[in-house]
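Here's the structure we're looking at; comments come further down.
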Amino acid sequence: MKLGAIAALAALSMAACGSTSNNPGNSQAPPPTANMKPLTQIGAGEGALTLIDWGGYVQSLWQKPFEQTTGCKITYKDAGSSDEMVTLMANGGGGQWDMVSASGDADLRLIYSGDVKPMNMDLIPDWQNFQTAFKSPAFNTINGIHYGVSLQWGPNTLLYNTKKFVNPPTSWGVLYDSQYSGLITIPDNAIQIADAALYLSKTKPSLKITDPYELTQSQFDATVTLLKQQR
Numbered sequence: 006m007k008l009g010a011i012a013a014l015a016a017l018s019m020a021a022c023g024s025t026s027n028n029p030g031n032s033q034a035p036p037p038t039a040n041m042k043p044l045t046q047i048g049a050g051e052g053a054l055t056l057i058d059w060g061g062y063v064q065s066l067w068q069k070p071f072e073q074t075t076g077c078k079i080t081y082k083d084a085g086s087s088d089e090m091v092t093l094m095a096n097g098g099g100g101q102w103d104m105v106s107a108s109g110d111a112d113l114r115l116i117y118s119g120d121v122k123p124m125n126m127d128l129i130p131d132w133q134n135f136q137t138a139f140k141s142p143a144f145n146t147i148n149g150i151h152y153g154v155s156l157q158w159g160p161n162t163l164l165y166n167t168k169k170f171v172n173p174p175t176s177w178g179v180l181y182d183s184q185y186s187g188l189i190t191i192p193d194n195a196i197q198i199a200d201a202a203l204y205l206s207k208t209k210p211s212l213k214i215t216d217p218y219e220l221t222q223s224q225f226d227a228t229v230t231l232l233k234q235q236r
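Heads up, the sequence shown is in this note's numbering, so the first residue is 6 and it goes up one at a time.
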């Protein structure tokens with residue numbers, strides 16, 4: 006069975022990541038594909054590459070030159086959410102897609118569903134030049150085994166109506182202020198839990214949140230309570 010990889014090649018697509026965790030030694034339950042041997046060398050090209058990506062990641066500006074240079078034709082499917090990426094990978098049965106430019110909130114679901122296989126970082130020449138935070142994040146590296154490559158992070162920006170705010174907001178706290186309940190728009194995705202947890206790590210240090218992606222039950226409960234104030 007052909008399995009995909011949570012990876013993003015510099016010439017093809019880029020994976021968004023959010024965590025700064027860098028502890029590949031974490032002991033966790035092994036994924037279904039943990040015993041699969043990664044490639045030891047790059048073989049002959051298949052002439053085709055199928056991708057699931059975020060809209061706009063694959064652009065003709067470099068797609069066409071890449072195809073002309075390598076003879077490898079790119080076929081891709083834009084996804085609008087992490088949930089859609091997970092569904093597409095699952096429905097592909099492990100054979101339809103080669104790679105997915107998944108965000109950190111989807112990686113573990115893909116890994117533990119058995120839809121991706123281990124990767125050999127020695128086959129990536131620039132791996133040694135990666136920033137430390139991108140090398141072994143907890144969301145794509147399990148028990149020291151890499152299932153993906155993180156190449157890019159992106160900020161969440163706070164936009165506000167200048168007609169409603171005479172003085173610009175100086176804190177993300179406005180998102181959780183009850184006086185603005187029902188007046189804000191937040192993306193409907195799991196990454197908002199991490200955003201809220203990050204906010205609590207600064208405003209409620211007693212919770213001892215050190216990683217918004219690794220919450221204890223009490224930390225998670227406090228985060229959910231905060232998020233409910235946005236309704």
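Glycine residues also receive a C-beta, built at the ideal position from the N, C-alpha and C atoms. Remember, predicted model here, so these are calculated numbers, not experimental data.
Can you grab the Cα-Cα spacing for the pair residue i / residue j, in whole Å?
i: Val-105; j: Asp-127; result: 20 angstroms
i: Gly-48; j: Lys-42; result: 15 angstroms
i: Ala-199; j: Tyr-218; result: 6 angstroms
i: Lys-140; j: Lys-168; result: 43 angstroms
i: Leu-231; j: Tyr-181; result: 7 angstroms
i: Cys-77; j: Lys-233; result: 48 angstroms
i: Leu-66; j: Trp-158; result: 22 angstroms
i: Ile-147; j: Gln-222; result: 21 angstroms
i: Ser-183; j: Pro-70; result: 52 angstroms
i: Gln-235; j: Val-229; result: 10 angstroms
i: Gly-187; j: Asn-134; result: 45 angstroms
i: Gln-3; j: Lys-209; result: Because the chain spans 6 through 236 in this model, residue 3 falls outside it and cannot be assessed.
i: Lys-122; j: Tyr-165; result: 42 angstroms
i: Asp-226; j: Asp-216; result: 15 angstroms
i: Ala-138; j: Leu-205; result: 22 angstroms
i: Asn-28; j: Gln-136; result: With a pLDDT of only 43 at Asn-28, under 50, the local geometry of the prediction cannot be trusted, and the value read off the model is given with reservation. Roughly 14 angstroms separates the two Cα atoms.
i: Ser-155; j: Leu-115; result: 15 angstroms
i: Gly-149; j: Leu-93; result: 27 angstroms
i: Thr-79; j: Gln-73; result: Checking the sequence, you will find Ile at residue 79 rather than Thr. Cα to Cα, the separation comes out at about 11 angstroms.
Using 7 angstroms as the cut-off, classify the Cβ of residue i as near or not near the heavy atoms of the ligand COA, replying yes or no.
i: Ser-186; result: This structure simply doesn't include the ligand COA, nor any ligand for that matter.
Is the beta carbon of residue i sitting closer than 8 angstroms to the one on residue j?
i: Leu-56; j: Val-63; result: yes
i: Ala-39; j: Asp-58; result: no
i: Leu-220; j: Ala-195; result: no
i: Leu-212; j: Gln-224; result: yes
i: Ala-95; j: Asp-131; result: no
Where do the ends of the beta strand (DSSP E) carrying residue i lie?
i: Ala-53; result: 53-59
Pick out whichever of the options has its Cα sitting closest to the Cα of residue i.
i: Ile-129; options: Leu-44, Ala-143, Leu-163 and Gln-33; result: Leu-44
i: Gly-50; options: Asp-103, Asp-226 and Thr-215; result: Asp-103
i: Gln-46; options: Met-124, Trp-177, Pro-37 and Thr-80; result: Met-124
i: Tyr-117; options: Asp-193, Pro-36 and Gly-109; result: Pro-36
i: Pro-142; options: Asp-112, Asn-161 and Gln-73; result: Asp-112
i: Asp-110; options: Thr-80, Phe-144, Ala-138 and Ile-79; result: Phe-144
Kindly indicate the opening and closing residues of the alpha helix (DSSP H) around residue i.
i: Ala-84; result: It is not in any alpha helix (DSSP H) - Ala-84 instead sits in the beta strand (DSSP E) that spans 78-84.
i: Pro-174; result: Per DSSP, Pro-174 belongs to no alpha helix (DSSP H) and is neither H nor E.
i: Asp-226; result: 222-233
i: Asn-194; result: Looking at the DSSP string, Asn-194 is not in any alpha helix (DSSP H), and its letter there is neither H nor E.
i: Ala-34; result: It is not in any alpha helix (DSSP H) - Ala-34 carries neither H nor E in the DSSP assignment.
Against chain C, does residue i count as a neighbour if the rule is that its beta carbon must be under 8 angstroms from one of theirs?
i: Pro-37; result: The chain inventory of the structure shown lacks chain C, comprising one protein chain alone.
May I ask you to verify whether the segment 85-97 touches the segment 169-186, counting CB pairs closer than 8 angstroms and requiring at least 3?
-> Too few Cβ pairs lie closer than 8 angstroms, so no.
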